[in-house]
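In this note's numbering, the protein residues as written are 8 to 766.
Rendered as structure tokens:
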């Protein structure tokens with residue numbers, strides 16, 4: 008048909024009621040039996056349906072002949088006489104039901120939120136089909152893998168894509184009901200979300216980014232402390248937190264204004280000291296998040312503020328998704344009401360090249376479980392009408408944990424218990440589709456709004472050069488990247504994080520059914536990385552984490568980093584009387600640190616401990632590569648040693664600990680990752696060597712406190728030697744304090760410290 012006829016039919020269809028539209032979609036015809044009609048008598052119309060009134064195969068005939076409405080559509084037009092009472096009832100129903108939920112989900116909820124038996128069977132059937140379609144896991148045991156790229160998708164579509172159900176979760180292709188104008192009436196001049204996504208960068212600004220110097224400014228906030236604002240784009244803008252904060256001023260999307268207070272009530276004082284629904288830490292963090300600046304917060308601790316931070320970044324993530332979806336629905340409704348065709352108005356560009364908008368990287372399944380539970384709480388709140396959570400039972404079974412699996416007699420530090428709680432599997436990925444009144448777990452990646460994954464889970468999907476089955480298109484339009492517990496990835500495999508960052512916001516290799524007329528121009532220009540907000544949370548300042556933040560975070564809004572210097576170091580927590588000797592190495596460049604440290608240890612440190620008198624010597628090695636190098640050297644020199652690393656079997660660990668305690672082995676090589684994952688107490692230590700300062704500052708005091716005298720008088724023979732260079736400034740300050748570290752770096756001499764156990 009011609010374009011004019013198509014618009015005329017769309018106008019007729021838009022005048023139908025909701026039930027009539029649904030019946031028309033399901034059966035291809037309208038049946039008015041279940042609809043209430045107006046009491047006013049209507050004269051029946053007799054329509055002579057000619058052959059030319061039906062769909063014509065010739066485009067020229069449609070253009071030459073005058074436009075005629077078919078008898079079928081005239082019949083549909085007579086069904087629009089609905090009473091005003093019915094219209095009011097239908098409007099109330101449309102407000103309660105989500106406009107994008109598919110037909111199966113729209114009818115599966117009764118007054119109490121229960122699901123009928125037939126619909127449960129249908130949902131289980133759909134879930135089984137999705138599970139088969141999502142079986143792209145590398146090991147074949149996880150069914151949450153995303154679809155692949157174009158070549159892989161053609162070879163094995165059943166493994167990487169869900170063709171049958173792709174449209175059910177698609178905002179772009181689904182038939183959307185008309186939305187209320189309230190959701191799309193956000194003011195661009197005030198809403199930070201609209202200010203961010205509607206900002207149009209210029210070509211000259213992008214070209215000047217590489218050469219522009221970074222401008223920085225420091226501010227001190229009441230709770231976060233010292234903040235460093237930086238930017239390479241526009242004139243640097245800073246701000247300070249207000250004393251009081253109102254939820255309305257934050258432009259939270261419904262229903263978050265009402266659900267957030269209840270979800271966050273566990274952290275608020277009772278009775279609250281102020282009317283703010285945030286804790287002081289959450290208030291300052293959310294103000295930065297809501298300004299869409301990149302954020303690096305290195306003071307996240309599992310015992311102190313971990314859950315506070317998780318709550319606030321989940322609020323920001325779900326708020327971003329709801330606003331983005333509301334913008335799409337509102338623009339689609341206005342486009343239909345204004346009868347705009349494809350590409351008629353660039354103001355309605357509101358999407359990316361792919362649908363996933365938020366990527367949350369967490370180390371363990373337990374963290375993913377808590378994130379999803381927070382999403383449910385934020386959408387549900389204290390509402391009597393529960394939201395629909397698809398595949399919830401499967402999710403709890405795969406991401407939950409059994410308390411009986413953990414041995415009850417293990418005694419570990421409190422921070423260890425807080426980090427390794429619940430399911431600690433580090434290979435997972437899951438897609439989450441967020442709707443107004445429902446959450447779809449295990450959604451296909453290209454039909455998901457939020458992706459939750461571990462670095463290993465993403466690495467097995469992204470793949471490497473030369474691999475046939477690899478896909479990273481789903482990362483092309485990520486607008487919000489949250490990396491939580493970044494310090495744990497240093498203990499897992501930091502290369503996975505670097506590999507992920509190198510594949511963020513690249514142009515996709517396949518179109519994935521996107522409507523390019525609705526894609527934002529800055530996404531088509533491959534400028535998505537300049538609009539992506541990155542939130543980075545960790546427990547420590549580390550050079551590798553700082554490097555990721557400085558290199559890959561290029562948000563045009565700017566960056567904010569929390570940089571508080573530690574006034575007291577972890578050496579103050581050493582409880583044994585122990586002399587500490589800090590040996591300084593002179594290094595010319597950062598690239599030569601590894602070789603200089605090895606030669607310094609072999610030529611100057613090790614000869615002092617070769618004597619049998621210096622037995623029971625523990626060598627603490629943070630890097631596994633340094634451990635392999637030292638182990639090979641000890642074997643070559645035929646030294647009397649044993650070793651324990653994260654790959655040592657349990658029987659080998661027991662033998663090594665026994666030989667070292669009895670003095671049968673003079674040296675014990677111990678890796679930091681083994682200590683991180685096991686926290687065993689090594690007995691029999693008399694001499695301690697830190698080949699490099701530990702990554703976690705509190706590991707220094709933990710290792711030192713392992714020295715225990717088996718016989719009286721051995722305290723006088725204890726020694727502790729630490730190797731450091733000028734490139735270890737951050738770790739040195741965390742161990743000895745910033746003032747003492749500055750003196751040690753300036754003196755260029757070895758420093759002897761003595762801890763009495765009372766410091």
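Glycine is no exception: its CB is placed at the ideal position from the N, C-alpha and C atoms.
Q. Buried or exposed: which applies to residue 649, given that a residue is buried once 16 or more other Cβ atoms fall within 10 Å of its Cβ?
A. With 16 or more other Cβ atoms within 10 Å, it is buried.
Q: Determine which residues share a DSSP beta bridge with residue 642 and list them.
A: None; residue 642 has no bridge partner.
Q | Residue environment, residue 230, which counts as buried when at least 16 other CB atoms sit within 10 Å | A | It is exposed - the Cβ of residue 230 has fewer than 16 other Cβ atoms within 10 Å.
(Q) Assuming contact is defined by CB atoms lying nearer than 8 Å, are residue 342 and residue 355 in contact in what I supplied? (A) Cβ distance < 8 Å, so residue 342 and residue 355 count as in contact.
Q) In or out: residue 541 buried (at least 16 other Cβ within 10 Å) or exposed? A) Answer is buried; the Cβ neighbour count reaches 16.
Q | Residues that residue 301 bridges to, as DSSP identifies them | A | Residue 301 pairs with 566.
(Q) Classify residue 494: buried if its beta carbon has 16 or more other beta carbons within 10 angstroms, exposed otherwise. (A) Counting the other CB atoms within 10 Å of its CB gives residue 494 a total of 16 or more, which places it among the buried residues.
Q) Taking the continuous beta strand (DSSP E) assigned at residue 501, which residues delimit it? A) No beta strand (DSSP E) holds residue 501; the alpha helix (DSSP H) holding it covers 501 to 509.
Q. Among 378, 199, 276 and 210, which one has its Cα closest to the Cα of residue 294?
A. When the alpha-carbon of residue 294 is set against those of 378, 199, 276 and 210, the nearest one is in 199.
Q | Exposure of residue 751, with buried meaning 16 or more beta-carbon neighbours within 10 Å | A | Looking at its Cβ environment, which holds 16 or more other Cβ atoms inside 10 Å, residue 751 is buried.
Q. With a Cβ-Cβ cutoff of 8 Å, do residue 488 and residue 539 count as a contact?
A. Yes, the pair counts as a contact, with Cβ atoms nearer than the cut-off.
Q: Could you work out which residue in 589, 667 and 358 is closest to residue 732 when comparing CA atoms only?
A: The option with the nearest alpha carbon to residue 732 is 589.
**Q.** residue 162 - DSSP class collapsed to helix/strand/coil
**A.** Confidence in residue 162 is poor, its pLDDT being 36 and thus under 50, which makes the residue's placement too unreliable to answer from.
Q | Helix, strand or coil at residue 627 [DSSP, three-state] | A | Here residue 627 sits in strand by DSSP.
Q. From residue 573 to residue 712, what distance separates their C-alpha atoms?
A. Each residue's Cα considered, the two are about 21 Å apart.
Q) With 16 other CB atoms within 10 Å as the buried threshold, where does residue 547 fall? A) Answer is buried; the Cβ neighbour count reaches 16.
Q: Count the other CB atoms, across all protein chains shown, that sit within 10 Å of the CB of residue 451; report buried if there are 16 or more and exposed otherwise.
A: Buried is the call here.
(Q) What does the Cβ neighbour count give for residue 677, buried or exposed, with the cut at 16 atoms within 10 Å? (A) By the neighbour-count definition (other C-beta atoms within 10 Å, threshold 16), residue 677 is a buried residue.
Q) Going by beta carbon distance, what residues of the same chain come within less than 6 Å of residue 621, once the five residues before and after it are set aside? A) Cβ within range, chain order: 694.
Q.
On a Cα-Cα basis, can you pick out the residue from 706, 253, 473 and 207 that is closest to residue 422?
A. Taking only the C-alpha atoms, the option nearest residue 422 is 706.
Q. Any chance the segment 495 to 512 sits against the segment 547 to 556, with 3 or more Cβ pairs inside 8 Å?
A. Pairwise C-beta distances place the segment 495 to 512 in contact with the segment 547 to 556, as three or more of them are shorter than 8 Å.
Q: Return yes when the Cβ of residue 378 is within less than 8 Å of the Cβ of residue 317, no when it is not.
A: Against a cut-off of 8 Å, the Cβ pair of residue 378 and residue 317 comes out as a contact.
Q: Label residue 296 either buried or exposed according to how many other C-beta atoms from any shown protein chain fall within 10 Å of its C-beta, with 16 as the threshold for buried.
A: Buried is the call here.
Q: Let me know the secondary structure DSSP gives residue 707 once reduced to three states.
A: Reduced to three states, the DSSP call for residue 707 is helix.
Q | Local conformation of residue 204 per DSSP, three classes | A | Looking at residue 204 - three-state DSSP - the assignment turns out to be helix.
Q. Span of the alpha helix (DSSP H) holding residue 321?
A. That run of the alpha helix (DSSP H) goes 313 to 344.
(Q) Suppose you measure from the CA of residue 242 to the CA of residue 223; what does that come to, to the nearest Å? (A) Cα to Cα, the separation comes out at about 10 Å.
Q. Between the beta-carbon of residue 651 and the beta-carbon of residue 668, is there less than 8 Å?
A. Not a contact, by the Cβ cut-off of 8 Å.
Q: Give the single residue among 533, 656, 285 and 481 whose Cα lies nearest to the Cα of residue 210.
A: Comparing C-alpha distances from residue 210 to each of 533, 656, 285 and 481 shows the shortest one belongs to 533.
Q. How many angstroms separate the CA atom of residue 264 from the CA atom of residue 394?
A. The alpha-carbon separation between residue 264 and residue 394 amounts to approximately 17 Å.
Q | Contained alpha helix (DSSP H) runs [length at least 4] in the segment 728 to 762, N- to C-terminal order | A | Listed in chain order, they are 736 to 743 and 745 to 754.
Q: Reducing DSSP to helix, strand and coil, say where residue 440 ends up.
A: Residue 440 falls in the strand class under three-state DSSP.
Q: Give me the Cα-Cα distance between residue 536 and residue 482, rounded to the nearest whole angstrom.
A: Approximately 11 Å, taken between the alpha carbons.
Q.
Using 8 Å as the threshold, is the C-beta distance between residue 364 and residue 484 below it?
A. Going by C-beta atoms, residue 364 is nearer than 8 Å to residue 484.
(Q) Rounding to the nearest angstrom, what Cα-Cα distance links residue 307 and residue 431 in this structure? (A) Taking the straight line from one Cα to the other gives about 19 Å.
Q: Would you identify the three-state DSSP class for residue 651, choosing helix, strand or coil?
A: Of the three classes helix, strand and coil, the one that applies to residue 651 here is strand, per DSSP.
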